[in-house]
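The sequence shown begins at 61 in my numbering and counts up one residue at a time. In this text, a Cβ means the ideal position worked out from N, Cα and C, and glycines have one as well.
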Amino acid sequence: TQGVSSAASDVYKRQLPEMLRPLVRPRRLRTTPAMRRMVAETRVSPAQLMLPAFVAEGLTEPREISAMPGQYQHTLDSIKKLAEQAAEAGIAGIDLFGVPTEKDEIGSQAWNPEGILNKGIAAVRDAVGDDLVICTDTCLDEFTSHGHCGALTEDGRVDNDATLPLYAAMAVSQARAGAHVVSPSGMMDGQIAVIREALDDAGFTDVAILAYSAKYASAFFGPFREAVDCSLKGDRKAYQQDPANRIEGMRETLLDVAEGADMVMVKPASHYLDVLSDVAAEVTIPVAAYQVSGEYAMLESAAAKGWIDRRRCISESLTSIVRAGADIVLTYWAIEAAGWPREEF
Ligand code: PBG
């Protein structure tokens with residue numbers, strides 16, 4: 061009690077009356093690192109982490125994304141190396157996004173077998189085979205000249221039903237290129253059923269669908285727009301969900317389950333842990349959560365300023381997402397975090 065005034069130190073020394081002494085002491089289980097490790101309810105394993113990664117057309121070397129320091133637009137060559145590193149790190153898989161040089165109204169490079177995303181899938185499959193789960197984004201926003209996730213009507217709205225066959229063509233081309241999992245993220249109604257049918261008709265009954273089920277119109281996707289050179293002006297509020305809506309997240313999820321999704325996803329992760337927890341309690345298939353570009357950028361930038369402990373904040377963030385119910389976490393830190401000692405999680 062050094063430095064404490066003598067009156068205060070008298071208070072400090074006074075014995076608690078017998079009847080007020082706690083009988084139950086949760087602190088017993090926090091006394092040593094070994095004790096805490098033994099009773100930890102949540103463990104984050106590399107086997108559940110998936111790395112989102114970008115492959116870009118026309119690059120001669122990887123280009124760092126300024127709002128996502130440490131993340132790159134990759135060449136076909138460097139994406140292969142990244143996939144090999146991911147396999148070595150023992151993470152679950154990789155989720156590929158393409159950045160084409162040519163965009164048009166309907167995003168037709170998306171289902172071109174020679175399009176950059178399909179070439180990227182093939183390159184990665186060639187490099188790692190079945191050692192990683194090769195997952196790919198099945199959405200048109202990187203490929204359309206207007207940056208929306210689907211084809212537009214004449215008056216400029218996203219046309220749900222005209223977009224569905226485009227997603228089907230894209231998914232089949234991705235399966236053909238070697239994807240184990242396709243992951244529709246465009247929030248069109250009925251997209252899972254249409255993609256499932258198209259994959260089955262083309263003979264890809266074993267290719268799984270990871271459905272972005274509860275996906276919100278989030279400002280935390282900001283840095284991603286730079287990552288994929290997205291040309292969007294405006295927003296996606298007419299198809300992605302309102303951040304105010306929790307029950308609707310469940311509605312969207314149950315629809316995707318009924319349409320044949322093999323796994324569902326909640327996105328973003330950190331600010332939607334309530335939705336994630338609802339979904340995890342309700343469905344009987346694996347649940348993924350996507351720690352998005354803005355979540356990455358926030359922690360990286362605060363850490364770069366020395367305002368937070370980078371590693372502890374990243375592991376706390378991943379732990380919270382798993383604690384809320386995610387079986388799989390998509391995170392830009394997947395490879396790095398897989399290398400950390402388990403007790404740091
Ligand atoms: C759509 C898509 C987006 C992200 C993943 N898939 C962007 C959007 O919906 O606007 C965002 C991922 C991130 O922010 O890390 N293809």
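Check, Outcome
"Mapping DSSP to helix, strand and coil, what is P401?", "coil"
"In this structure, does DSSP put I139 in helix, strand or coil?", "helix"
"Does the Cβ of D155 have 16 or more other Cβ atoms within 10 Å, making it buried, or fewer, making it exposed?", "buried"
"Can you list, in chain order, the residues of its chain with a C-beta nearer than 8 Å to that of S205? Leave out the 5 residues immediately preceding and following it.", "K163, D164, E165 and S291"
"Put Y392 into one of helix, strand or coil per three-state DSSP.", "coil"
"Applying the 10 Å Cβ sphere with the 16-neighbour rule, what's the burial state of L84?", "Correcting the residue type first, residue 84 is Val in the shown sequence and not Leu. Classification for V84: exposed."
"Can you give, in chain order, each stretch of the alpha helix (DSSP H) that sits fully within the stretch 287-356 and has at least 4 residues?", "307-319 and 333-342"
"Which residues in the same chain have their Cβ closer than 7 Å to the Cβ of D70, if we skip the five residues on either side of it in sequence?", "none"
"For V193, which residues in the same chain have their Cβ closer than 8 Å to its Cβ, ignoring the five residues on either side in sequence?", "M110, A152, G153, I154, H240 and V241"
"Note down, in chain order, each residue of its chain lying with its Cβ closer than 7 Å to the Cβ of T213, except the 5 sequence neighbours on either side.", "D219"
"For L177, I'd like the list of residues in its chain whose CB is within less than 6 Å of its CB, leaving aside the five on either flank, ordered along the chain.", "G158"
"Which of the three DSSP states, helix, strand or coil, is assigned to A239?", "coil"
"To test your reading of the DSSP string, which unbroken beta strand (DSSP E) runs of 3 or more residues are found completely within the stretch 178-264?", "193-198 and 241-244"
"Looking only at its chain, what residues have a beta carbon closer than 7 Å to the beta carbon of L136, apart from the 5 residues adjacent to it on each side?", "V115, K179, G180 and A183"
"Hey, could you find the ends of the beta strand (DSSP E) L111 is sitting in?", "L109 to A116"
"What residues in its chain sit with their C-beta under 6 Å from that of T313, if we drop five residues either side in the sequence?", "S273, A274, V324 and V339"
"Does any heavy atom of the ligand PBG sit closer than 6 Å to the C-beta of C195?", "no"
"Pull up the distance between the alpha-carbon of L378 and that of A394, whole angstroms please.", "10 Å"
"To the nearest angstrom, report how far apart G216 and G207 are at their CA atoms.", "12 Å"
"Taking 7 Å as the cut-off, decide whether the C-beta atoms of A348 and I381 are in contact.", "no"
"Keeping to the same chain, check which residues put their C-beta closer than 6 Å to that of A127; ignore five residues upstream and five downstream.", "P283, E286 and A357"
"Hey, F280 and E174 are a contact pair by Cβ (cut 8 Å); roughly how many whole angstroms apart?", "In fact, because the Cβ distance is near 33 Å, the residues do not count as touching under 8 Å."
"Which residues in the same chain have their Cβ closer than 7 Å to the Cβ of S337, if we skip the five residues on either side of it in sequence?", "A384 and G385"
"Taking only the alpha-carbon atoms, compute the straight-line gap between I368 and L359 and give it to the nearest angstrom.", "8 Å"
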